[in-house]
Amino acid sequence: MEQYKFIKQVGAGSFGRVYKAIDKTTGEFVAIKELKHLCKSSYLQLPEVQALTKLKHPNIVNLKGVQRQHGVVFFIFEYMQGSLSQLIHLKQSAGQLFSEAEIRAMCFQVFQGLVFMHDQHGYIHRDLKPDNLLVNQGVIKISDLGAAREINSGPPFSDYITTRWYRAPEMLLDSFIYNEKVDMWAMGAIMAELFRMHPLFPGSSSPDQMYQICRVIGAPTRNTWREGCLLASHMNYEFPQIDSLGLRAVMPTWVSDSAVELIGSLCSWDPLKRPTAAQALHHPFFTGGYKDSASTNYSANNVGNVSCLQQPILV
10 MEQYKFIKQV
20 GAGSFGRVYK
30 AIDKTTGEFV
40 AIKELKHLCK
50 SSYLQLPEVQ
60 ALTKLKHPNI
70 VNLKGVQRQH
80 GVVFFIFEYM
90 QGSLSQLIHL
100 KQSAGQLFSE
110 AEIRAMCFQV
120 FQGLVFMHDQ
130 HGYIHRDLKP
140 DNLLVNQGVI
150 KISDLGAARE
160 INSGPPFSDY
170 ITTRWYRAPE
180 MLLDSFIYNE
190 KVDMWAMGAI
200 MAELFRMHPL
210 FPGSSSPDQM
220 YQICRVIGAP
230 TRNTWREGCL
240 LASHMNYEFP
250 QIDSLGLRAV
260 MPTWVSDSAV
270 ELIGSLCSWD
280 PLKRPTAAQA
290 LHHPFFTGGY
300 KDSASTNYSA
310 NNVGNVSCLQ
320 QPILV
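Residues 10 to 324 (my numbering) make up the sequence shown, in order.
As structure tokens, then:
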């Protein structure tokens, strides 16, 4: 690690600590994640390393290298200005909203990254949330692939992965059999949050999470999600039978119908009814001839400035 000069600690979590550092040979800023637990086996076998080694894409954070020193593993990432979560809070503090053009640009980039993960390399992220979407000069990148798994590795998958507010209902029902559609549910919740400036389903517990979902989109039935109803029956769970508000009612009035329709499809109870990332990119929300979509390259030009973000997010 002598190649890097550590500047300051910028974050910490259950995994360890994150530092801002500078590469002394290039003068480039990097983010270094120090894993908390000693690694006795080859760090090349760590799931996050395996995933990031394969997933090289403009909308996925770049792992520049991995080093081990005295049994401690360090991940060296490209340095990012901040997270989408930080950008949301920044906008809130300033009393501002994202424009639909900005949201379109950001979501387009994330879906591009997910197409690469899901379709080209067969990976599920499993923990998409605003904290794990990094922003740098208008470019959005998916980060924190510590929970990522290969789709073809087959079930059973662990159930308690995705952060509660973005957790798909099949995971809330403790299903060990799920696929990349859990990422699509998370993207629906994230997209709605960008419009609303606060979470769509802010549950305080797993039961309350399910209540929050039913409150907005209504409880499923055997006609709308047979497999989910069977899962619920097996665990003696009954979906809350309450009058739903409807997705349109909880979205700002200025949000376009195409945006609400896309969010609604992403947040479908039945995973089979959720679009794939590739299908989402062809939704009218992105292809409807908007003035900001003269080019399908939704990039830095359409995303707000985040230069005032001083802290990088944990990667």
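Just so it is clear, CB atoms sit at the ideal spot from N, CA and C, and this is done for glycine as well.
Only a predicted model underlies this, so the values are computations on that prediction, with no experimental measurement involved.
- Between the segment 219-232 and the segment 284-291 there are fewer than three C-beta pairs closer than 8 Å, too few to call the two in contact.
- The shortest C-alpha to C-alpha distance from Q146 to any of L93, A195, G104 is the one to L93.
- Sequence-distant partners of F294 (beyond 5 residues in either direction) whose C-beta falls short of 6 Å from its own C-beta, in its chain, are S267, A268, L271.
- Annotation for D217: the continuous alpha helix (DSSP H) segment containing it runs 215-226.
- Inter-segment contact for the segment 108-124 and the segment 73-85 is absent: fewer than three beta-carbon pairs are separated by less than 8 Å.
- Counted as a single uninterrupted DSSP element, the beta strand (DSSP E) harbouring D32 occupies residues 25-32.
- With a beta-carbon spacing of about 17 Å, F210 and V264 fall beyond the 8 Å limit used to define contacts.
- Rounded to whole angstroms, the Cβ separation of M196 and K150 is 15 Å, and the two are not in contact under 8 Å.
- The shortest C-alpha to C-alpha distance from R26 to any of V39, L44, E11, Q12 is the one to L44.
- Beta-bridge annotation (DSSP): A40 is paired with K29, F86.
- Straight-line measurement puts the Cα of A114 at about 12 Å from the Cα of T296.
- Between L154 and the set V58, P178, Q105, the nearest pair of CA atoms involves V58.
- Taking N188 as the centre and dropping the five residues before and after it, the same chain places the C-beta of I133, I160, P280 closer than 8 Å to its C-beta, in chain order.
- For F117, the three-state secondary structure derived from DSSP is helix.
- Short of 6 Å from the beta carbon of H292, and not among the five residues preceding or following it, lie these beta carbons of its own chain, in chain order: L271.
- Checking the DSSP bridge columns, you'll see V58 has no partner listed.
- Contact annotation, K190 with R283: C-beta distance approximately 5 Å; criterion of less than 8 Å satisfied.
- In the three-state reduction of the DSSP assignment, Q288 falls in the helix class.
- For Q76, the three-state secondary structure derived from DSSP is strand.
- In the structure shown, K190 adopts helical secondary structure according to DSSP, grouped into three states.
- Taken atom to atom, the span from the alpha-carbon of W234 to that of S152 is near 31 Å.
- It is roughly 11 Å from the alpha-carbon of P178 to the alpha-carbon of C238.
- Comparing alpha-carbon positions, the option among E11, I186, V259, V225 lying closest to F83 turns out to be E11.
- In the structure shown, I160 adopts helical secondary structure according to DSSP, grouped into three states.
- Leaving aside the five residues that flank N68 on each side, the residues in its chain whose CB is nearer than 8 Å to its CB run, in chain order, Q118, V119, Q121, G122, F125, V148, I149, K150, I151.
- Burial of E109 is indicated by the presence of at least 16 other C-beta atoms within 10 angstroms of its C-beta.
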